[in-house]
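Remarks on the structure that follows.
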Amino acid sequence: MAIIERPSTEVAPSGASPAVVVPSEALGVFKRPAASTSWRDWLVTVDHKKLGIMYGVAAFFFFIVGGVEALLIRLQLIGPDGKVLSADQYNQMFTMHATTMVFLFVMPMAAAFANYFVPLQIGARDVAFPRINAFGFWCFLFGGIFLNTSWFLGGAADGGWFMYAPNSSTLFSPSHGIDFWGLGLQITGIASLTGAINLIVTILNMRAPGMKLMRMPIFTWMVLVTQFLLLFAIPVITVALFLLMFQRSFDATFFDVASGADPLLWQHLFWIFGHPEVYILILPSFGIVSEVIPVFSKKPLFGYPIVAMSGAAIGFVGWGVWAHHMFASGLGPVSVTVFSLATMAIAVPTGVKIVNWVMTMWGGKLVFTVPMLFAIGLVVQFTIGGLSGVTHAVAPSDTQQTDTYYIVAHFHYVLFGGAIFGLFSGFYYWWPKMFRKQLNENLGRWNFWLMVIGMNMTFGPMHILGLQGQPRRMQVWTEARAGEGFFDLGFWNRISSIGSFILSIGVLMFIINVVYTHKSKKVAIAPLDPWDARTLEWMTDNPPKEHNFDSVPTVNHLDEFFHRKYAEDSTTHELKQVASAEQVLSELNAHPDEHIHMPSRSYWPILLALALPVIGYGLIYNMMITAVGVALVLFTMFGWAMEPSTSPDDDFDPPASEGGHTKELAPLG
Amino acid sequence: MRTMRRRSIAAKAALVAGIGVFLGGCAKDAPQDTWQPAGPNAEKIDNLQRPIFYVAGVVGVIVFAAVAWVIYRYRDRGQAIPEQTHGKPALEITLTVIPVLILIGVGVPTVGTIFDLAKTDDTEMVINVTGQQWWWEYDYPANGANAEQFGIEEPIVTSGQLVIPEDTKVLLRLTSRDVIHSFWIPKLNGKKDSVPGRVHLLRLEGSEPGIYAGQCTEFCGLSHAYMRMETVVLSRPDYDAWVANQLEAYTPPEEGTLAAEGESVFIQQCSRCHQVNGLQNDDGSLIVSAPEQYMVAGAAPNLTNLMTRNTFAGASWDLLRPGCRDDVWNSNSEEFGAKYLAGISEDCLNQKDLREWLRNAPEKKPMYADPTQLAATDGKYRGMPALGLTEDQINALVAYLLERK
Amino acid sequence: MADTAVAHSHGSDHGAHHTTTGLSNNKLAMWVFLGSECLLFGGLISTYMLYKGRVSEGPQPDQIYDIPFTSVSSFILLMSSLTMVLAVSAAQRKDDRNTNLWLSVTAVLGATFVGGQVYEFTAFYREGLGFTTSLFGSSFYTLTGFHGVHVTVGIIMLGALVGMIRRQRIPGDKAEAVEMVGLYWHFVDVVWIVIFTLVYLIPS
């Protein structure tokens with residue numbers, strides 16, 4: 034138990050002058066870890082900002098993994114009768130590509146931004162349950178690693194990310210891949226569920242004074258909607274995964290047709306989760322560009338309440354459209370009609386968002402920084418994805434398009450051209466806030482344009498491929514069905530594969546940019562407010578102090594920060610800058626709060642999360658290992674329960690203390 | 006003036022985009038093109054989706070034009086900080102109502118078409134279609150609706166190529182023996198899943214003789230890519246001839262020929278799973294295959310009239326060599342029937358793929374056919390195993406199979 | 087995870103914290119968590135409803151259900167909600183002795199219910215309904231098993247609460263901790279009423 038040793042007692046790189054923390058009495062089973070600057074601090078931290086960064090780094094790692102899988106797929110399909118991958122490898126590859134991108138990249142990357150910026154945007158000092166937050170991160174990381182170890186233990190899951198029954202039963206997929214898949218998703222599901230509860234409580238309960246719901250930054254709004262979707266979607270997939278596990282590991286017959294089971298049960302459960310999941314992926318990115326576009330248009334978001342409400346409407350209607358994934362599954366015409374019309378209806382709030390972004394730019398003063406470029410990229414590419422979406426909301430038309438490359442094109446325009454472009458917009462926009470340096474704009478432009486060209490070259494031709502009848506999930510395509518002339522499938526498959534490599538060079542430019550920015554001595558520290566931003570997260574240091582705000586601001590406006598910097602000239606009615614960001618910040622810091630209680634570091638989250646994959650391996654290989662895992666869970670939960678979330682020595686007074694009243698973080702969890 | 010010119014550029018862009026989309030519908034030689042309907046069901050879908058594509062295209066062009074205009078017009082040219090307006094309710098409502106109206110315009114014909122395509126009361130012929138890893142079986146029931154009228158006195162069981170009469174409202178009763186598959190002939194109708202334990206109905210009607218290609222479109226495991234199928238539409242007289250041929254009694258190969266040798270190889274090596282109707286043991290008893298003992302799905306293709314079809318192994322390879330194939334596939338609708346009914350001649354046989362298949366099937370088409378790894382399936386195969394035939398046996402088998410028409 | 091949030095610490099001992107909604111974080115989190123649980127049981131109940139009539143072998147539902155027995159155990163579980171209410175009200179009066187008393191009674195009633203379920207499972211098993219016998223069996227055991235696990239977790243939470251109150255290990259608002267476990271307990275009871283009605287009372 035060496036790591037349970039108490040690290041050094043010196044701390045706090047956070048403020049101008051470090052606060053000294055004295056070692057405390059042991060309150061839990063073990064002495065709790067104290068703050069330190071070593072790498073070990075990252076293992077025990079409960080700081081939402083550090084966890085946000087860890088979410089981001091881990092998710093980006095999985096992005097590369099999923100990207101390599103995608104490149105192998107495109108390499109296989111570059112010519113007819115591809116020989117790069119065997120059928121078995123190919124099936125594993127597309128299953129894991131989708132699983133990785135959905136569960137291990139886009140969702141956790143959105144969680145990274147949500148963790149880092151939601152508390153800052155609402156004027157909170159941390160999330161409601163910091164230790165549960167840390168636990169969630171470790172669940173995601175260990176779940177993702179657990180899932181990917183299947184590659185080395187007899188092969189990954191091979192049933193597609195939708196894992197339709199009965200093809201997912203041991204009869205048709207005898208390797209352990211699907212067991213790893215199901216258990217891995219259960220573990221990451223715990224991360225999503227705890228994260229959802231945590232962020233919902235944080236957003237509802239921990240807003241700064243005056244931060245009414247309708248004054249919340251739109252990113253926070255979209256995160257709130259997303260977390261509600263997760264809250265209700267995760268338990269449904271949990272049920273489905275339990276049924277699958279009982280079937281595969283304990284011989285239950287939930288999807289065994291011979292015993293009278295209905296394979297459509299899985300489809301309904303999966304898509305009741307799966308369709309809200311799509312909005313879970315896209316809404317955070319909508320939130321990001323709804324922050325970025327106003328900043329670089331120097332205008333507030335056009336129709337803020339409508340954008341917020343349309344997000345909520347998408348979240349709500351999103352529950353009533355799941356069966357549009359099943360138009361060919363043999364539903365009756367009445368159900369098909371209902372789901373077809375509901376799906377069209379959801380195009381309205383989505384279209385409203387596009388209109389509002391364009392109208393935000395209309396009449397603005399547009400500055401085309403890299404974050405703005407990515408945001409505009411989202412608007413344009415998402416429009417294409419949205420319109421192709423309408424064409425297969427039309428159920429009869431969908432029976433021609435579903436399970437063809439047309440659908441692949443559609444959701445990559447939505448999820449790559451939309452969600453991922455939004456995330457990249459967020460990287461560039463918030464980088465100086467998180468890391469004090471601004472990413473290089475020139476490299477960023479290369480990054481952007483290569484990604485735009487690569488993305489459209491890869492996925493644009495897939496519209497043609499699909500309409501020409503090339504189905505998805507095919508290990509090979511044959512020249513006999515490729516046709517000739519302009520719509521020759523061979524030609525467009527080649528273009529698509531070449532595009533995927535351009536796309537990866539684009540992503541590589543981002544990595545180069547990050548390395549360059551942080552290694553090169555020439556890159557100066559970014560100014561406090563490099564973009565002339567509008568929202569509360571910019572009213573902090575770069576990067577923010579551990580407790581975020583020396584004094585929690587009182588909010589009087591939507592776009593509070595902007596209104597503290599700019600005011601209307603009473604005679605000319607023109608907007609004039611009245612204060613710099615530095616002035617606003619020092620004014621805010623002039624009267625710091627006393628006795629700020631920050632949650633203390635803890636070993637328990639990582640230990641508890643570590644026990645879960647142990648149970649997972651046990652369920653697959655040996656029940657004795659499961660017993661060990663369960664014992665570990667019980668032990669760590671006991672330790673966790675016995676440990677108060679804040680040790681008294683973490684009572685922290687900002688250095689410039691000049692009295693003022695006490696504001697506390699409600700530190701729990 | 007400048008605005009005018011820009012507008013006309015936008016109009017031209019819209020035109021070019023429109024032509025691009027239109028060309029998509031006119032592409033030749035793409036056998037699974039979803040925009041070239043060849044039967045009333047697919048036409049109904051096409052009539053519905055085409056205008057929707059155009060509307061979507063126009064909306065897209067308008068949005069792109071708006072974005073381009075905004076980017077150009079409102080770029081930072083040192084103008085003052087704009088007024089901090091939060092929106093214009095009237096404009097927002099208008100811009101919400103417009104898509105609602107468009108979608109109502111899309112929704113009404115959609116509902117009509119959904120119900121139209123679900124109608125089954127005017128069915129003229131029923132065929133049972135069963136998917137399994139990784140091929141389709143077609144069963145023409147002798148007691149089905151109007152079976153008599155089409156001369157189907159005894160059940161006909163085929164695979165790979167579904168043969169239907171021209172201008173006849175055929176109803177497919179789709180099901181599966183193992184996992185979910187999906188039946189899709191793009192030029193004749195949209196797809197419908199075949200789900201084990203359920204029967205789904207799909208209408209099929211071809212208005213012109215010819216071969217229409219399709220593929221399984223629900224991921225169904227290892228060889229999903231090799232689960233293809235075709236639907237062959239024949240004129241009514243040709244169809245009657247086809248039925249008569251299918252029902253013809255078995256003619257054993259002449260004694261002493263290579264084909265006769267092939268028959269005994271077939272009986273030893275193939276007949277456990279593959280049925281050839283009328284095939285007899287030496288003692289004169291009928292041979293009935295029992296694939297359920299060896300196969301997970303419990304079925305293997307019926308080979309009675311193999312050489313009347315022109316593809317094999319889940320329609321993945323041609324039985325016709327390339328020149329002959331083009332002659333049949335690309336022939337005009339008048340000549341097609343005769344060419345198709347001629348079946349596979351020795352000259353036209355695609356020896357290469359058929360022999361490779363007989364030599365080692367799982368090498369050609371990925372299948373779970375490793376006899377050492379069948380623990381999960383109680384020793385049953387999924388797909389055809391490698392039989393370890395000698396070249397002599399293969400020669401004999403090919404000669405025998407060539408007579409199966 | 088809300089269970090851990092319930093059973094332990096309330097952080098600093100500065101008393102109640104200000105929150106935007108006025109509801110404490112813990113309580114709000116429990117409500118949100120229970121919202122999620124609704125969908126979990128929704129999924130399990132739907133599965134059962136779909137499969138209850140699918141008996142390829144083994145007994146039919148109406149052949150093995152012992153309605154009088156299950157009614158009694160359901161009644162016991164319902165009564166435990168009443169004692170839980172008494173515990174909460176005692177906690178609000180800061181009456182530790184009665185709080186502990188009623189919490190213990192609740193736990194005992196809950197344990198009786200779980201004991202009844204274990205008895206019922208073994209009886210069904212002896213009558214030929216195993217977990218893998220039929221779709222009905224699989225979905226019945228899965229649904230009621232998940233509920234049983236929830237009750238068991240609740241009993242553990244009650245026990246922990248009793249222990250912590252006795253040793254004065256709850257630093258924050260004691261009444262709130264009791265109230266949160268109460269919320270969970272009532273939820274589990276309500277779910278049982280739904281299950282009892284749909285599974286046992288409505289004939290298949």
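Order-wise, the sequence lines are chains A, B and C. In terms of the working numbering, the first sequence is residues 34 to 702. In terms of the working numbering, the second sequence is residues 6 to 410. In terms of the working numbering, the third sequence is residues 87 to 290. Positions of the beta carbon are idealized from the N, C-alpha and C atoms, including for glycine.
Does A:S603 come within less than 8 Å of chain B when only Cβ atoms are used? No, its Cβ sits nowhere closer than 8 Å to a Cβ of chain B.
Beta-carbon gap between A:A145 and A:Y88 smaller than 8 Å: Yes, Cβ-Cβ distance for A:A145 and A:Y88 is below 8 Å.
Between which two residues does the alpha helix (DSSP H) carrying B:G219 extend? For B:G219, no alpha helix (DSSP H) segment is defined; the enclosing uninterrupted segment is the beta strand (DSSP E) at 215–220.
Can you tell me whether A:G662 is buried or exposed? The criterion is at least 16 other CB atoms within 10 Å of its CB, across all chains shown. Buried, since its Cβ has 16 or more Cβ neighbours within 10 Å.
Could you check how far apart the C-beta atoms of B:A303 and B:R182 are, in whole angstroms? I think they sit under 8 Å. Note on residue identity: the sequence assigns Gly, not Ala, to residue 303 of chain B. About 6 Å separates the Cβ atoms of B:G303 and B:R182, confirming a contact at the 8 Å cut-off.
Can you pull the DSSP bridge partners for B:M300? DSSP links B:M300 through a beta bridge to B:Y386.
Listed from N- to C-terminal order along the chain, which residues in the stretch 158–182 of chain C have their beta-carbon within a distance smaller than 8 Å of any beta-carbon of chain A? Answer set for the stretch 158–182 of chain C: empty.
Residue interval of the beta strand (DSSP E) (run including A:N389): Segment 366–394 is the alpha helix (DSSP H) holding A:N389; no beta strand (DSSP E) there.
Report the CB separation of B:Q138 from B:C225 in whole angstroms; it is logged as a contact under 8 Å. Rounded, the Cβ-Cβ distance is 6 Å, consistent with contact.
7 Å Cβ cut-off: residues of chain C touching A:G293: Simply R140, S142, L221.
A:T604: first and last residue of the uninterrupted beta strand (DSSP E) it sits in: It is not in any beta strand (DSSP E) - A:T604 carries neither H nor E in the DSSP assignment.
Determine the burial state of A:T253: buried for a count of at least 16 other Cβ atoms within 10 Å of its Cβ, exposed for fewer. A residue is called buried once 16 or more other Cβ atoms fall within 10 Å of its Cβ, and A:T253 is buried on that count.
What does A:I409 reach in chain B if we use C-beta pairs closer than 8 Å? Those are V72, I76, listed as they occur along chain B.
Which class does A:M405 belong to by DSSP, given the choice of helix, strand or coil? In the structure shown, A:M405 sits in a helix (DSSP, three-state: H, G or I).
Taking Cβ-Cβ distances below 7 Å as the criterion, which residues of the stretch 336–353 of chain A are in contact with chain B? Closer than 7 Å at the C-beta level to chain B, one finds these residues of the stretch 336–353 of chain A: G336, Y337, I339.
Specify, as a first and last residue, the run of the beta strand (DSSP E) that B:H186 falls within. Segment 186–188, the beta strand (DSSP E) holding B:H186.
Along chain B, which residues have their Cβ under 7 Å away from the Cβ of A:A285? Under the 7 Å cutoff, chain B gives no residues; its nearest Cβ is about 17 Å from A:A285.
Would you check if there are 3 or more beta carbon pairs closer than 8 Å linking the stretch 466–478 of chain A to the stretch 420–439 of chain A? Per the Cβ contact rule, the stretch 466–478 of chain A is not in contact with the stretch 420–439 of chain A (fewer than 3 Cβ pairs under 8 Å).
At what residues does the beta strand (DSSP E) containing B:D332 begin and finish? Careful: B:D332 lies outside any beta strand (DSSP E), inside the alpha helix (DSSP H) at 327–334.
Enumerate, from N- to C-terminal direction, the unbroken alpha helix (DSSP H) stretches of 4 or more residues contained entirely within the stretch 200–270 of chain C. Qualifying alpha helix (DSSP H) stretches, in chain order: 221–252.
Within the 8 Å Cβ cut-off, does A:P268 reach chain C? Yes, contact with chain C.
Pull up the CB-CB distance for A:W525 and A:L498, whole angstroms please, since I reckon it's below 8 Å. That pair is a contact at about 5 Å.
Using C-beta distances below 6 Å, list every residue in its chain close to A:T659, excluding the 5 sequence neighbours before and after it, in chain order. Contacts found: I648, G651, L652.
Write down the C-beta distance between B:P257 and B:E268 rounded to the nearest angstrom, noting that I regard them as a contact closer than 8 Å. With 8 Å as the limit, B:P257 and B:E268 qualify as a contact, their Cβ atoms being about 7 Å apart.
Assigned exposure category for C:W278 - 16 Cβ within 10 Å defines buried: By the 16-neighbour rule on beta-carbons within 10 angstroms, C:W278 is buried.
Could you tell me whether the Cβ of A:T271 comes closer than 8 Å to any Cβ of chain C? For A:T271, the answer is yes, since a Cβ of chain C falls inside 8 Å of its Cβ.
Give me the residue from A:T182, A:Q219, A:S202 with the minimum Cα distance to B:I185. Of A:T182, A:Q219, A:S202, the residue nearest in Cα terms is A:S202.
Are the stretch 207–225 of chain C and the stretch 144–159 of chain C in contact at 8 Å, needing three or more beta carbon pairs? Output reads yes: the stretch 144–159 of chain C touches the stretch 207–225 of chain C.
Distance between beta carbons of A:S208 and C:S220, contact taken as under 8 Å: That pair is no contact at about 28 Å.
According to DSSP, B:G136 sits in a beta bridge with which residue or residues? According to DSSP, residue pairing for B:G136 in a beta bridge involves B:W141, B:S181.
Using the three-state DSSP reduction, which class does A:A609 fall into: helix, strand or coil? It should be pointed out that residue 609 of chain A corresponds to Lys in this sequence rather than to Ala. In the structure shown, A:K609 sits in a strand (DSSP, three-state: E or B).
Element boundaries [alpha helix (DSSP H), containing A:S202]: Run containing A:S202: none; DSSP gives neither H nor E here.
I'd like to check one pair, B:R360 with B:M372: are the Cβ atoms closer than 8 Å? Going by C-beta atoms, B:M372 is not nearer than 8 Å to B:R360.
Comparing alpha-carbon positions, which option in B:Q285, B:D383, B:W247, B:I272 lies nearest B:Y145? It is B:W247.
Could you name the residues that DSSP lists as bridge partners for B:R411? Any property of residue 411 of chain B remains undetermined from this structure, which presents chain B solely from 6 to 410.
Is C:F273 close to chain A, meaning its C-beta is less than 8 Å from at least one C-beta of that chain? Judged by the 8 Å Cβ criterion, C:F273 is not in contact with chain A.
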